Every structure is written in structure tokens, then in C-alpha cells.
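Chemist:
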Amino acid sequence: MTDQFFDEPRQHSKIKAQIVAKYFPAWAKIMAAQLRPGGSLVYLDLMAGPGYYDDGSPSTPILVAEQVLANARLRGVVRLVLNDADPVHAAQLRAAMEGLPDIPSLKQGFHIYQKEVDDGFTEELARVRLAPTFAFVDPWGYKGLTRALIGSLVKDWGCECLFFFNFEAVRRALQNPLVDPAMEALFSPVRAAELRTRMPSLAPAQQEAEALSQLDGALMEVGAKYVLPFRFHLTAPHHRSYHLVFVTKHVLGYTIMKEVMRDLSTRPSLIDGSFEYVPADANYPGLLALLSPPEELAPMLRRDFAGCELQVRAVFEQHHIGKAFVLRDYKSALKQLLIEGHIKVRDPLAKKRRAGALADDLVVCFPPAGG
Ligand SMILES: C[S@@+](CC[C@H](N)C(=O)[O-])C[C@H]1O[C@@H](n2cnc3c(N)ncnc32)[C@H](O)[C@@H]1O
Numbered sequence: 189m190t191d192q193f194f195d196e197p198r199q200h201s202k203i204k205a206q207i208v209a210k211y212f213p214a215w216a217k218i219m220a221a222q223l224r225p226g227g228s229l230v231y232l233d234l235m236a237g238p239g240y241y242d243d244g245s246p247s248t249p250i251l252v253a254e255q256v257l258a259n260a261r262l263r264g265v266v267r268l269v270l271n272d273a274d275p276v277h278a279a280q281l282r283a284a285m286e287g288l289p290d291i292p293s294l295k296q297g298f299h300i301y302q303k304e305v306d307d308g309f310t311e312e313l314a315r316v317r318l319a320p321t322f323a324f325v326d327p328w329g330y331k332g333l334t335r336a337l338i339g340s341l342v343k344d345w346g347c348e349c350l351f352f353f354n355f356e357a358v359r360r361a362l363q364n365p366l367v368d369p370a371m372e373a374l375f376s377p378v379r380a381a382e383l384r385t386r387m388p389s390l391a392p393a394q395q396e397a398e399a400l401s402q403l404d405g406a407l408m409e410v411g412a413k414y415v416l417p418f419r420f421h422l423t424a425p426h427h428r429s430y431h432l433v434f435v436t437k438h439v440l441g442y443t444i445m446k447e448v449m450r451d452l453s454t455r456p457s458l459i460d461g462s463f464e465y466v467p468a469d470a471n472y473p474g475l476l477a478l479l480s481p482p483e484e485l486a487p488m489l490r491r492d493f494a495g496c497e498l499q500v501r502a503v504f505e506q507h508h509i510g511k512a513f514v515l516r517d518y519k520s521a522l523k524q525l526l527i528e529g530h531i532k533v534r535d536p537l538a539k540k541r542r543a544g545a546l547a548d549d550l551v552v553c554f555p556p557a558g559g
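Letter by letter, the sequence shown follows residues 189 to 559 in our numbering.
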């Protein structure tokens, strides 16, 4: 697989790159507003690849660089730190970055490293205090991916991480005693042992759910507060799943990433007849509690907020963690409840409002249960 990886982007690689390239500028614009004068933000790509596929398509670091270069504020504050252990990839990446027409306008510049991401690298990272950083970790298989690495990437203020999790490679590794140390470094010795014991008796979909749940637990143990997975599912004949896993301590990042993933999800439709992009679903009980269809939200809100009075925005903020719904789902559900007469909405400011819009600061009144 690795030999052909950079021939041309496969569908799931394109979606993967789009998730990063859409999330990073959205996150960076918000973080930039909170920076002290002279402060910077970092895009850290630890396994960045050569920059372009052989067919000339740009890959993740180039797409991110283009987004940064297109925005005056981001050009001033973002530092691009790109790494790849492969000397050829690192050299190609340098040439690719130097070839970007506006690259001289990047005030903080870009930095290319050629380091192996291993235990020593992780120990170094654990010792330094990072500027607000969005880190992307995209290994071949699970090589170099450890919970200590993710923990050291998210330990500092404003730091988040997105990594590629190859469930198929992990599933095979859990059956191979020779790579026990790698699985223990990823899940923890206790969790890896639990997985080895439980996996053989589980159906494939449950195996995936179990691995994701254990991964979620392992990430929480190293400092994560919110974990958001996005699944690339290859349907028959492959039946293989890959995941992008987003890890943050900040609800804002979680909220933005959920929007980005949701926009790029084609659930339940299929692309190319073979891929399906789904956010976490009900198979991941410890992770996202569920992926209920949006039509289930309205009755859920009536039940969960019975007798409450609160702003539209507060309904969303108090309810969406651990669920697949985004703000627009909440607004649609509330509009539906309003039309059906199940809630009342009042405007504390009696402002002139756009007809049909449900502004964030309107107050929603839910009748008591059974009312
Ligand atoms: C899946 S590719 C990355 C693709 C890239 N994210 C993109 O969007 O084009 C993995 C890259 O990571 C590099 N790599 C793999 N293991 C590594 C490690 N332990 N440390 C540093 N680089 C590594 C490989 O040389 C390869 O270029």
C-alpha cells in the first residue's frame, strides 16, 4: 500500500485532507483573535508526506498552506512545521513549499524537519511547552502512533490533534504477539490485554466499536476531554474501516470539528459505490453516545428540557456534547417544535428579526413534562 500511496489521492485521502484544510483555518481564525501581540499559532504535520501526489494533486500540507496564504491575518501568525522521516519526502516537501507563489508572505515562515516520530521524539515533545498548535498525525498503519504522543500534543493550552487510525492494521496487530509493545503504547497494557481477550468473540463491527471505545478511554487518560472520530468505511468486498480521530480539551474545537466532519460526511449515501463517510455511530457507546437521525432531536429536546426556559444557543451548548447533532439541527428541531405548538419562543430584547430565523439569543420556553 505504501508504495502506491502517493500515485494519486484515493477518495478517503481527499476527504481526510479536506477535513484538515477546512478545520485548520476555521480554528486558526478564532485562536488568532485571542493571541497576545507577537504570538503565533502552529500547524504541525508530523508525517507530512511529499506535498504532492504523483498525479500533481496537492496533499494535506499544501492545502493547509494555501488556506493560510489566502488569509492576511493567518499569514501573519501561523507557523507551518512539517516533518517526514523519509529524506526523499522531506526534500520533495521542501521544494513543494518553496514553489508556492505567495510563500514569502508567510511572516512566521515554514520549517521542514526530517525526524523519526518515535519514543525519543515524544519525550522531547513532552518537555517543551507548545504554542497553540493543531497537530496532524498520519502514519502508515500504527507505526509511531502512541497515546503518549497524542498526550504530549494536546497537553498545552490551545493544542489539539487529529490522527489517522487504521483499524484493520490494529486488528491484525492485536493478534500478533511480536507487536504487543506497539499496541500497549497505543492503548495502554491493560486496555491492549482487554482487547486481545475480547476481540476473538466479537463480530467485526463490534470489534471496531470495542477498539474505538478502548482508544477513547486511553486518550482520556492522557488528557483528552473530547474525542471525535470520523469513519471511512469501505463496503463490500473490502469491509475495511479507517478513522480520523480528533482530540481536544476545548469544546469550541469540538464544535467546529463536528460541523466540518458533518459537512464532509455523505451518510447515508455512497461515493464511488464503495466508500461511505460516517461520523461515529451507535457502535461506539463510550465515544459518541449515538448517531440518532436528526428527526429524533425534537422529541429528545422536549424530554430533556421539559419545564426549562433558556436561549436557543444554550439549548445547543448544553445538549450537543457526545451527540452527532450540530447547531443547524437544533435550530431545525426548535422551529419544528414551534410550528407544532410544543414550545414558545420569546424575544427578551424585542429586536427586529429576520422572518423565519431562530436567533441564538431568543428564549425558548419548554412546557413541563406532560404539559
Ligand atoms: C500516510 S503518509 C502521509 C500523507 C500525508 N498526510 C498527506 O496528506 O499527503 C505517511 C508519511 O509519514 C511518513 N512517516 C511514516 N512513519 C513515520 C514516522 N514514524 N516518523 C516520521 N515520518 C513518518 C512517511 O514517510 C510518509 O511520508
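Just so you know, even glycine gets a beta-carbon here, dropped at the ideal spot from N, CA and C. Given the structure is predicted, the values throughout are model-derived calculations rather than measurements.
Apart from the five residues on each side of it in sequence, which residues of its chain come closer than 8 Å, Cβ to Cβ, to residue 556?
Modeler: Here residue 556 corresponds to residue number 368 of the sequence shown, with the count starting at 1. Around residue 556: 494, 495.
Chemist: So is the beta-carbon of residue 271 under 7 Å away from any non-hydrogen atom of ligand 1?
Modeler: Position 83 of the sequence shown, counting from 1, holds the residue named residue 271. Yes - ligand 1 has a heavy atom lying nearer than 7 Å to the Cβ of residue 271.
Chemist: Cα-Cα, which of 399, 279, 210, 273 is closest to residue 248?
Modeler: Translated into the one-based positions of the sequence shown, residue 248 becomes position 60. Answer by Cα proximity: 210.
Chemist: Can you give me the C-alpha to C-alpha distance between residue 266 and residue 328, rounded to a whole angstrom?
Modeler: Sequence index remark: in the sequence shown, residue 266 carries index 78 (1-based). Sequence index remark: in the sequence shown, residue 328 carries index 140 (1-based). Cα to Cα, the separation comes out at about 27 Å.
Chemist: Could you tell me whether any non-hydrogen atom of ligand 1 is closer than 7 Å to the CB of residue 299?
Modeler: The count along the sequence shown starts at 1 and reaches residue 299 at position 111. Checking the Cβ of residue 299 against ligand 1 gives no.
Chemist: Give the single residue among 337, 419, 444, 363 whose Cα lies nearest to the Cα of residue 411.
Modeler: Residue numbering aside, residue 411 sits at position 223 when the sequence shown is read from its first letter. The shortest C-alpha separation from residue 411 is found at 337.
Chemist: For residue 518, which of helix, strand or coil comes out of DSSP?
Modeler: Position 330 of the sequence shown holds residue 518. Looking at residue 518 - three-state DSSP - the assignment turns out to be helix.
Chemist: Relative to the alpha-carbon of residue 241, which residue among 282, 216, 195 has its alpha-carbon at the smallest distance?
Modeler: Mapped onto the sequence shown, residue 241 falls at position 53. Residue 241 has its Cα closest to that of 195, out of 282, 216, 195.
Chemist: At which residue ranges does the stretch 226-263 contain complete alpha helix (DSSP H) runs of 4 or more residues, listed in the order of the chain?
Modeler: 248-257
Chemist: Which class does residue 541 belong to by DSSP, given the choice of helix, strand or coil?
Modeler: In the sequence shown, counting from the first residue as 1, residue 541 sits at position 353. Three-state result, residue 541: coil.
Chemist: Output the residue ranges of the beta strand (DSSP E) runs that lie fully inside the stretch 319-361 and measure 3 residues or longer, sorted by chain position.
Modeler: 321-325, 348-354
Chemist: By the 10 Å Cβ neighbour count, where 16 or more other Cβ atoms means buried, how is residue 213 classified, buried or exposed?
Modeler: Residue mapping note: residue 213 aligns to position 25 of the sequence shown, counting from 1. Here residue 213 is buried. Its C-beta has 16 or more other C-beta atoms within 10 Å.
Chemist: Note the first and the last residue of the continuous alpha helix (DSSP H) segment covering residue 299.
Modeler: Within the sequence shown, the letter at position 111 stands for residue 299. First-last for residue 299: 298-301, but that is the beta strand (DSSP E), not the alpha helix (DSSP H).
Chemist: When the Cβ atoms of the stretch 331-351 are set against those of the stretch 370-381, are three or more pairs found closer than 8 Å?
Modeler: yes
Chemist: What would DSSP say about residue 435, mapped onto helix, strand or coil?
Modeler: If you number the sequence shown from 1, residue 435 lands on position 247. Taken through DSSP and simplified to helix, strand or coil, residue 435 comes out as strand.
Chemist: Would you say residue 487 touches ligand 3, meaning its beta carbon is less than 7 Å from a heavy atom?
Modeler: This structure lacks ligand 3; the ligands present are ligand 1.
Chemist: To the nearest angstrom, how far is the alpha carbon of residue 239 from that of residue 397?
Modeler: Taking the sequence shown and counting its residues from 1, the one referred to as residue 239 is at position 51. Taking the sequence shown and counting its residues from 1, the one referred to as residue 397 is at position 209. Whole-angstrom Cα-Cα distance: 33 Å.
Chemist: Identify, in the order they occur along the chain, each residue of the same chain with its Cβ nearer than 8 Å to the Cβ of residue 525, setting aside the five sequence neighbours on each side.
Modeler: As a working note, residue 525 is residue 337 in the sequence shown. Closer than 8 Å at Cβ, skipping near neighbours: 486, 489, 490, 531.
Chemist: I'd like the list of long-range same chain contacts for residue 452, defined as Cβ closer than 7 Å, with 5 residues on each side in sequence excluded.
Modeler: Counting from 1 along the sequence shown, the entry for residue 452 is found at position 264. The answer, listed in chain order, is 203, 206, 207, 465.
Chemist: Give a yes or no on contact between the stretch 220-239 and the stretch 250-268, applying the rule of three or more CB pairs nearer than 8 Å.
Modeler: yes
Chemist: If we ignore side chains and look at the alpha-carbon of each, how far apart do residue 492 and residue 255 end up?
Modeler: Within the sequence shown, residue 492 is the residue found at index 304, counting from 1. Within the sequence shown, residue 255 is the residue found at index 67, counting from 1. Between residue 492 and residue 255, the C-alpha separation is close to 40 Å.
Chemist: Would you be able to state if there are at least three C-beta pairs under 8 Å between the stretch 309-318 and the stretch 286-296?
Modeler: Short answer: they don't touch.
Chemist: For the candidate residues 380, 499, 420, whose alpha-carbon lies nearest to that of residue 633?
Modeler: No information on residue 633 is available, as it lies outside the stretch 189 to 559 that the chain covers here.
Chemist: If you run the structure through DSSP and keep just helix, strand and coil, what is residue 429?
Modeler: Working through the sequence shown from its first residue, we reach residue 429 at position 241. DSSP places residue 429 in strand when its eight states are reduced to three.
Chemist: By the 10 Å Cβ neighbour count, where 16 or more other Cβ atoms means buried, how is residue 313 classified, buried or exposed?
Modeler: Start at 1 with the first residue of the sequence shown, and residue 313 comes out as number 125. Buried, by the Cβ-count rule.
Chemist: According to DSSP, simplified to helix, strand and coil, what is residue 417?
Modeler: In the sequence shown, residue 417 corresponds to position 229, counting from 1. The answer is strand: DSSP assigns residue 417 an E or B state.
Chemist: What does a CB cutoff of less than 6 Å around residue 414 pick up in its chain, not counting 5 residues either side in sequence?
Modeler: Start at 1 with the first residue of the sequence shown, and residue 414 comes out as number 226. Result list for residue 414: 436, 442, in chain order.
Chemist: Skipping 5 residues on each side, what residues in its chain have a beta carbon closer than 6 Å to that of residue 383?
Modeler: Here residue 383 refers to the residue found at position 195 of the sequence shown. So the list reads 362, 402, once near-sequence residues are dropped.
Chemist: With hydrogens ignored, establish whether the beta-carbon of residue 243 is closer than 7 Å to any heavy atom of ligand 1.
Modeler: As a working mapping, residue 243 is identified with position 55 in the sequence shown. Flag unset: Cβ of residue 243 not near ligand 1.
Chemist: Quick one: measure Cβ to Cβ for residue 416 and residue 449, integer angstroms, because I've assumed they're closer than 8 Å.
Modeler: Looking up residue 416 in the sequence shown gives position 228. Looking up residue 449 in the sequence shown gives position 261. Residue 416 to residue 449, Cβ: 7 Å. Contact.
Chemist: So, is residue 527 buried or exposed, given that buried needs 16 or more other C-beta atoms within 10 angstroms?
Modeler: As a first step, residue 527 is located in the sequence shown; it is residue number 339 there, counting from the start. Per the 10 Å Cβ criterion, exposed.
Chemist: At the level of alpha carbons, what is the spacing between residue 544 and residue 520?
Modeler: For the purposes of this step, residue 544 is identified with residue 356 of the sequence shown, where counting begins at 1. For the purposes of this step, residue 520 is identified with residue 332 of the sequence shown, where counting begins at 1. When rounded, the distance between both Cα atoms is 11 Å.
Chemist: Would you report the Cα separation of residue 497 and residue 439, rounded to the nearest angstrom?
Modeler: The count along the sequence shown starts at 1 and reaches residue 497 at position 309. The count along the sequence shown starts at 1 and reaches residue 439 at position 251. One C-alpha to the other measures close to 23 Å.
Chemist: Can you tell me the Cβ-Cβ gap for residue 322 and residue 231, rounded? I've got them flagged as a contact below 8 Å.
Modeler: Working through the sequence shown from its first residue, we reach residue 322 at position 134. Working through the sequence shown from its first residue, we reach residue 231 at position 43. Right, their Cβ atoms sit about 6 Å apart.
Chemist: Can you give me the start and stop residues for the alpha helix (DSSP H) that residue 497 sits inside?
Modeler: In the sequence shown, the residue the question calls residue 497 occupies position 309. That residue, residue 497, is in no alpha helix (DSSP H); its beta strand (DSSP E) goes 497-499.
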